[in-house]
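Chains as they are written, first to last, in this note's numbering: chain X, -5 to 220; chain Z, 11 to 301.
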């Protein structure tokens, strides 16, 4: 039984059906405590991305309730979504970097939105970049970076605001094993300082190596329960 | 956002907006000048009584007395044929031609300023005077002025209609340009929303852009109008001088210029606001690949 005070994410009988009839998620229920590190596994199309989208309210559940920080996100107004997202760092497979801005500007974006002063922005961006090992790439444009470096910029941006929750969808998707392991180590480090981490991946080897909790999805359904 | 980096688009937009704003302003100035010119005539209508050309001096004297003694008469003035000729020579520039004439073709004129200037009373008075035997022609300036003011009112209506239509045009042009700007920044907007940017945060740069387009358009309009005025000022002064008048073309006052800039900026922000409210909602920050 999870102590309610520390439950960060709770899915309660959640289903998501897209127009066209496809049921991406079916009666999914689980709880994630603050400070946990959880792997979301399953084949392509199993519903991993959909599940993450529901957490950041990019989509709303067709049935059931989704709670983040005790807040029923299915019911919240449009206006309440930005503050929620500001406390969640997201890393997606296709980076979502702005190619006409420098690495610095890309990583600084969440801080600018949050209204930080110029000097503080600089401090935090450099701290995030050093964590991912890209300090010397500050003034570079993303187009000049390798796939792995672009991914790391995405991670830096996701953590620069020190969010409580970090969501990563296939963060090692197109990286070689060595790089993948490094990225995973980063996530593990973030988790060790208290960040709740959820990683969707179908790299089962990485999952087994870290021996963390695993939520297994199969065709929209949770297969194993803790 | 370095949205003004594309100078060509900005310049073209400013030109279009400038033309749209310049047209009603220019029409307004034309009307302003017409009203100023016609201000030489005071509001009081004058009845000009043209006597028969061959009226003798005593007949003229008699006519004058009759008119003067009428209770409705406020002021009377007689212009003798000689005085009329001299005045005509001085003003018209036909002096040489007139000198070659054998006799003075001009009749005596009695200028009458009536007390009762009501249109109905005036018409009555005119009918009365026309009935007199020695009167050849009665001319009333009133009709002329009424017609002039009617045209000016019409012109003002046209100016307002034009202003409304062109303001709508400005809104549409700004709205469309902003829409294109939004489309071209689509990725950026989606990322900002993903990272938790509020709608206002996304909206603000586009409103600023609308403001600059509107202000730039107003300034361009001001330049266009001033250029046209410069173009016209010379000939207008020449015409005025030939009428013994030292009239010079009235331009845009400081207040009007500031008003123009404010109007342009307001229209710009408004147009941008419409475009933003219409097109920002079609974004849903949905970029994640199905996994």
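All C-beta atoms in this analysis are idealised placements derived from N, C-alpha and C, irrespective of residue type, glycine included. Since the structure is predicted, the reported quantities are computational estimates derived from the model, not experimental observations.
| Item | Value |
| --- | --- |
| Using a 10 Å radius around the Cβ and a threshold of 16 neighbouring Cβ atoms, would you call residue 87/Z buried or exposed? | exposed |
| If you follow the alpha helix (DSSP H) that residue 104/X is in, where does it begin and where does it stop? | 97 to 108 |
| With residue 21/X as the anchor, note down where its beta strand (DSSP E) starts and where it stops. | 17 to 27 |
| Alpha carbon to alpha carbon, how far is residue 160/X from residue 190/X? Give it in angstroms, no decimals. | 6 Å |
| With a threshold of 7 Å between beta carbons, is residue 145/X in contact with chain Z? | no |
| Output the boundary residues of the beta strand (DSSP E) element that contains residue 193/X. | 190 to 194 |
| Under 9 Å between beta-carbons, which chain Z residues line up against residue 107/X? List them in chain order, please. | 202, 205, 206, 207, 208, 211 |
| If I follow the unbroken beta strand (DSSP E) through residue 210/X, where does it start and stop? | 207 to 212 |
| Against chain Z, with Cβ distances strictly below 7 Å, would residue 68/X count as a contact? | no |
| Let me check understanding here. Comparing Cα to Cα, which of 101/X, 35/X, 15/X lies closest to residue 218/X? | 35/X |
| Are residue 41/Z and residue 165/Z closer than 7 Å when you measure CB to CB? | yes |
| Closest Cβ-Cβ distance between residue 57/X and chain Z: below 7 Å? | no |
| Nearest-angstrom Cα distance between residue 92/X and residue 17/X? | 33 Å |
| How about residue 104/X: is its C-beta nearer than 7 Å to some C-beta of chain Z? | yes |
| Just reading off the alpha helix (DSSP H) that residue 211/Z is part of, what are its end residues? | 209 to 252 |
| What does DSSP give as the partner residue(s) for residue 60/Z in the beta ladder? | 119/Z, 147/Z |
| Applying the 10 Å Cβ sphere with the 16-neighbour rule, what's the burial state of residue 185/X? | buried |
| Would you call the region 234 to 250 of chain Z in contact with the region 135 to 144 of chain Z, where contact means no fewer than 3 C-beta pairs closer than 8 Å? | no |
| Identify which residue in 284/Z, 102/Z, 115/Z, 97/Z has its Cα closest to the Cα of residue 189/Z. | 284/Z |
| Jot down the residue ranges of each uninterrupted alpha helix (DSSP H) in the region 166 to 212 of chain Z, minimum 4 residues, whole runs only, in chain order. | 196 to 204 |
| If you follow the beta strand (DSSP E) that residue 185/X is in, where does it begin and where does it stop? | Note, residue 185/X: premise wrong, no beta strand (DSSP E); alpha helix (DSSP H) at 171 to 186. |
| Under 8 Å Cβ-Cβ, which residues of chain Z neighbour residue 92/X? | 197, 198, 201 |
| Checking contacts by CB at 7 Å: is residue 113/X closer than that to chain Z? | no |
| Tell me which same chain residues have a C-beta within less than 7 Å of the C-beta of residue 63/X, skipping the five on either side of it? | 2 |
| Among residues of its own chain, excluding the 5 on either side of residue 243/X, which ones have a beta-carbon nearer than 7 Å to its beta-carbon? | A query on residue 243/X cannot be resolved here, the shown segment of chain X reaching from -5 to 220 and no further. |
| For residue 4/X, which of helix, strand or coil comes out of DSSP? | strand |
| Measure from the alpha carbon of residue 46/Z to the alpha carbon of each residue in 66/Z, 83/Z, 250/Z, then state which is nearest. | 250/Z |
| Going by DSSP, which residues form a beta bridge with residue 163/X? | 194/X |
| Please classify residue 65/Z as buried or exposed, where buried requires at least 16 neighbouring CB atoms within 10 angstroms. | buried |
| Ignoring anything shorter than 3 residues, give me the beta strand (DSSP E) runs that lie fully in the region 48 to 80 of chain X, in order along the chain. | 57 to 62 |
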